[in-house]
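A.B. asks:
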Amino acid sequence: MREAVAADIALRTGAAVSPERILIVPGGKATMFIAILMLGAPGMEILYPDPGFPIYRSMIDFTGAIPVPIALREERGFAISAEEILGRITPRTRLIILNSPANPTGGTTLRAEIETLVTGLQAHPQVAVLSDEIYDRIVYDGVEHVSLMAFEALRDRLILLNGWSKTYAMTGWRIGYAVWPPALYDAARKLAVNAWSCVNAPTQFAALAALAGPQDAVDDMVTAFAARRQAIVAALNALPNVSCRMPGGAFYAFANISATGFTAKALAAALLEEAGVAAIAGPDFGPQGEGYLRLSYANSLDNIECAIARIGMFLKMARKPA
Ligand code: PLP
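Each residue of the sequence shown is one higher than the last, beginning at 1 in the working numbering.
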């Protein structure tokens with residue numbers, strides 16, 4: 001299994017990774033759990049994206065470390081700013097969490113930004129990086145996914161998070177992998193073995209088949225997502241007081257609803273109760289998410305069209321809250 005993962009990483013990033021540094025775990029979440037548990041401690045600072053996957057902040061808080069949010073802004077296409085991240089590093093910073101393509105925004109980080117970050121990090125050897133690249137294969141319009149694994153300068157402190165949940169739609173199988181730097185591998189393995197011993201064998205065989213087999217199913221899925229992405233973004237932009245940027249990756253539309261007069265939470269609750277549409281309020285991903293709703297387009301075109309029509313109907317009928 002680990003040899004197959006190493007071969008796949010070599011194919012996609014050009015990096016030669018020893019299978020001895022790869023840990024097979026029950027899902028991408030397991031890697032963030034271990035990484036933040038290992039590096040977080042009271043008094044230490046961890047930088048993380050806001051809005052971002054909620055587990056990052058939840059685990060930072062659990063360890064007692066100081067959460068340092070890095071704001072992702074719509075005007076930058078929700079991409080990170082390397083300069084901003086570097087400017088927030090202090091002697092107490094232990095870990096930077098990055099995620100591209102991103103949940104919940106669909107934002108992607110440009111190569112130039114990553115190169116600036118990697119260069120700047122040379123001045124901060126005490127800082128580890130957790131790069132969550134679970135959506136790496138789900139990018140559109142020729143957007144290039146730049147893996148941090150490709151940067152030799154980071155190899156001694158990069159934790160690469162990836163898995164099968166998104167690429168192969170194997171969310172419920174519970175399997176993922178991480179590449180750990182040599183200095184952290186033994187401790188990560190100890191936590192993993194003590195917690196769950198290993199991922200169950202049938203799931204590992206299934207994941208191996210996914211990785212080693214033909215990849216046309218992945219290409220077909222991304223082609224379907226691309227059509228749904230065009231449809232949902234166009235339909236959202238046609239709604240009154242709603243706007244939505246075209247996401248570069250993942251399968252989420254992050255719609256700006258600030259002009260509707262509703263808070264994100266109030267609108268998400270009302271849409272669920274009155275329109276039968278499930279959307280997640282931006283603030284559930286961090287305070288910077290206020291004014292946005294996340295809609296997943298991992299659903300059929302018919303359902304997407306129906307959902308957006310229902311949101312439109314709701315917005316036309318709804319009286320704006322005072
Ligand atoms: N990382 C991000 C950014 C995600 O959005 C998710 C799942 O939604 C995960 C990791 C975790 O995936 P898994 O199901 O493999 O634990």
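For each residue, glycine too, the CB sits at the ideal point set by N, CA and C.
I think alanine 150 touches leucine 110, with their Cβ atoms under 8 Å apart; what is that distance to the nearest whole Å?
C.D. replies: Not really, about 14 Å apart at Cβ, beyond 8 Å.
A.B. asks: Taking the alpha carbon of glycine 248 as the reference point, which residue from Gln230, Asn256, Phe262 has its own alpha carbon closest?
C.D. replies: Considering only alpha carbons, the answer is Gln230.
A.B. asks: Kindly say whether glutamine 204, judged by its beta-carbon, lies nearer than 8 Å to any beta-carbon of chain D.
C.D. replies: Chain labels in this structure do not include chain D; a single protein chain is all it has.
A.B. asks: Give me, in chain order, the residues of the same chain whose beta-carbon lies closer than 6 Å to that of valine 17; leave out the 5 immediate sequence neighbours on both sides.
C.D. replies: The answer, listed in chain order, is Ala6, Ile9, Val179.
A.B. asks: Given the structure, does threonine 108 come close to the ligand PLP, in the sense that its CB is under 7 Å from one of the ligand's heavy atoms?
C.D. replies: Result no, Cβ not under 7 Å from the ligand PLP.
A.B. asks: Taking the alpha carbon of tyrosine 56 as the reference point, which residue from Thr171, Lys166, Ser131, Glu152 has its own alpha carbon closest?
C.D. replies: Among Thr171, Lys166, Ser131, Glu152, the Cα nearest to that of tyrosine 56 belongs to Ser131.
A.B. asks: Quick check on the DSSP output: the alpha helix (DSSP H) that includes glycine 87 runs from which residue to which?
C.D. replies: Residues 82 to 87.
A.B. asks: Pick out every residue whose C-beta is nearer than 6 Å to a heavy atom of the ligand FMN: which are they, in chain order?
C.D. replies: With respect to small molecules bound, the structure shown includes the ligand PLP and not the ligand FMN.
A.B. asks: If phenylalanine 205 sits next to leucine 271, beta carbons under 8 Å apart, how far is it from one beta carbon to the other, in whole angstroms?
C.D. replies: That pair is no contact at about 41 Å.
A.B. asks: Just to confirm, are alanine 102 and alanine 255 a CB contact at a threshold of 8 Å?
C.D. replies: No, Cβ-Cβ distance for alanine 102 and alanine 255 is not below 8 Å.
A.B. asks: Looking at the structure shown, is proline 323 part of a helix, part of a strand, or coil, going by DSSP?
C.D. replies: Shown here, the chain extends from 1 to 322; a query on residue 323 therefore has no answer.
A.B. asks: Shortest alpha-carbon distance to leucine 329 belongs to which of Ala234, Ala35, Glu20, Leu11?
C.D. replies: A question about residue 329 goes unanswered here, because the residues of the chain that appear run from 1 up to 322.
A.B. asks: What are the partner residues of glutamate 45, as DSSP defines its beta bridges?
C.D. replies: Looking at the DSSP assignment, glutamate 45 forms a beta bridge with Ile66, Thr93.
A.B. asks: Between aspartate 141 and glycine 286, how many whole angstroms is the CB-CB distance? I'm expecting something under 8 Å.
C.D. replies: Not really, about 27 Å apart at Cβ, beyond 8 Å.
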